[in-house]
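At position 63 of the sequence shown (counting the first as 1) the number is 90 in my numbering, and the numbers step up by one without a gap.
All C-beta atoms in this analysis are idealised placements derived from N, C-alpha and C, irrespective of residue type, glycine included.
Scroll down for the structure; my scribbles are underneath it.
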Amino acid sequence: AKSAGGNRFELADAEADARAITRHGLTTALPAALERGEFFIEYQPIVRLDDGSVRGAEALVRWLHPQHGVLGPDRFIPLAEHTGLIVPLGRWVLEQSVRQARAWRERFAQPRPLRINVNLSPVQLSHPGLVQDTVEILEREGVGPEALCLEVTESALIGADDDLLKPLRQLSEMGVDIALDDFGTGYSNLANLRRLPLNILKLDRSFTQGMQQFPADPVDLKIVEGIVTMAHSLDLAVTVEGVETSAQADQLRILGCDTAQGWYYARPGPPERLHELALADAGG
Ligand code: C2E
Ligand code: CA
Ligand code: CA
Ligand code: CA
């Protein structure tokens, strides 16, 4: 047993080493990867719970690494934040996403235009060029601010001072929607939310996980019900993440959540997939 344990530790060490090497390798490869166009974006639809129509989509970045294949954002976003490459990478994601939003707008006419949600790293938030870059991208692509939603995590805004909130306020006043991402994983309270320029609360997947069964745990239901009531009283729409089953979707709709996102509707995918969904929706 002892030698088996020893082997396990050796294996664990080897894996840790490999990971550290990869981490270092990935970090140094990031700038060239951006230049060579190795990043791409998948879009996950966001659906209205009342009628099932497509509200828009969230842009989720991936890296097609020449040796390691497709890497998810959890593998490289922290590295890009650490080196500052997240600023040009984030700008690229924003630009691609806004361009995609324009393409969707051209295909799916009013009155229900699709909105694109883009994740914003706290590093981008404190970068002085954020507001101007965003304005320029929207103008260049001819897309109105109401077609864009920027998602900021709760943890990025915890204890945020006015300097950090100022760009968000400016963007919000321009008409860009601001979503509080991963809500419920941090320590936000009502007082905290009131001082933030928010339009949307994105309820973290951990809440939806408690609703796999029908009926869900009554305590889970009460908690979500309370959050929805609070959000609506603050004029915030509620989007739920990680909806994987129809039981979850039904219960979240009954609780008054506005929009939802998750594998039950669609996994993140190429932009054409959203075309299909939105078209199906227009036809039905
Ligand atoms: P997030 O913003 O919370 O994005 C939602 C994550 O949940 C995505 O993971 C998505 O693929 C996954 N997901 C969606 N529906 C379901 C479901 O029904 N079940 C389960 N189990 N998972 C689901 P992904 O694509 O790996 O992204 C991870 C995180 O990386 C994102 O979390 C976001 O924080 C970050 N990220 C992604 N793209 C960008 C970006 O362009 N910029 C920045 N700064 N961060 C990004
Ligand atoms: Ca997000
Ligand atoms: Ca989230
Ligand atoms: Ca998350």
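Exercise for review: Would you check whether ligand 2 has a heavy atom nearer than 7 Å to the C-beta of residue 108?
Suggested key: The residue given as residue 108 occupies position 81 in the sequence shown. Not under cutoff, so the answer is no.
**Study point:** Three-pair Cβ contact test at 8 Å for the region 257-264 versus the region 235-248
**Key:** Contact fails between the region 257-264 and the region 235-248, because fewer than three Cβ pairs, one in each stretch, are under 8 Å apart.
Exercise for review: Report the option in 182, 225, 124 and 84 whose CA atom is closest to the CA atom of residue 167.
Suggested key: Counted from its first residue, the sequence shown places residue 167 at position 140. Measuring from the Cα of residue 167, the nearest candidate turns out to be 124.
Practice item. Assuming residue 177 contacts residue 158 (C-beta within less than 8 Å), just tell me the rounded distance between them. Key: By 1-based counting over the sequence shown, the position of residue 177 is 150. By 1-based counting over the sequence shown, the position of residue 158 is 131. Separation of the CB atoms of residue 177 and residue 158 is rounded to 11 Å, and the pair is thereby denied contact status at 8 Å.
Exercise for review: Can you grab the Cα-Cα spacing for the pair residue 311 / residue 51, in whole Å?
Suggested key: Mapped onto the sequence shown, residue 311 falls at position 284. Mapped onto the sequence shown, residue 51 falls at position 24. Since pLDDT at residue 311 reaches only 45, below the 50 mark, its modelled position is unreliable, and the value read off the structure follows with that caveat. Linking residue 311 to residue 51 through their CA atoms gives a straight-line distance of about 50 Å.
Review point. Apart from the five residues on each side of it in sequence, which residues of its chain come closer than 8 Å, Cβ to Cβ, to residue 89?
Key: Here residue 89 refers to the residue found at position 62 when the sequence shown is read from its first residue. Closer than 8 Å at the Cβ level, and outside the excluded window around residue 89, lie 66, 67, 68, 69, 97, 98, 99 and 100.
Exercise for review: Measure the Cβ-Cβ separation of residue 111 and residue 151 and say whether it is below 8 Å.
Suggested key: Taking the first residue of the sequence shown as position 1, residue 111 is located at position 84. Taking the first residue of the sequence shown as position 1, residue 151 is located at position 124. Cβ distance not < 8 Å, so residue 111 and residue 151 don't count as in contact.
Practice item. Take every Cβ of the region 188-200, pair it with every Cβ of the region 227-237, and state whether three or more of those distances are shorter than 8 Å. Key: The region 188-200 vs the region 227-237: no contact.
Practice item. Measure the alpha-carbon distance for residue 133 versus residue 173 and round it to whole angstroms. Key: As a working mapping, residue 133 is identified with position 106 in the sequence shown. As a working mapping, residue 173 is identified with position 146 in the sequence shown. Computed Cα separation, rounded: 15 Å.
Review point. Hey, out of 290, 145, 256 and 307, whose CA is closest to residue 86's CA?
Key: For the purposes of this step, residue 86 is identified with residue 59 of the sequence shown, where counting begins at 1. Taking the Cα of residue 86 as reference, the smallest distance to any Cα among 290, 145, 256 and 307 is reached at 145.
**Study point:** Reduced DSSP secondary structure (H/G/I, E/B, other) of residue 154
**Key:** Looking up residue 154 in the sequence shown gives position 127. Note: residue 154 maps to coil in three-state DSSP.
Exercise for review: In angstroms with no decimal places, state the Cα-to-Cα distance between residue 42 and residue 162.
Suggested key: Along the sequence shown, one-based indexing puts residue 42 at 15. Along the sequence shown, one-based indexing puts residue 162 at 135. Spanning the two alpha carbons is a distance of roughly 44 Å.
Point to revise | Rounded straight-line distance, which links the Cα of residue 95 to that of residue 276 | key: Residue 276 sits at position 249 when you count from the first residue of the sequence shown. Residue 95 sits at position 68 when you count from the first residue of the sequence shown. Rounded to the nearest angstrom, the two C-alpha atoms are 35 Å apart.
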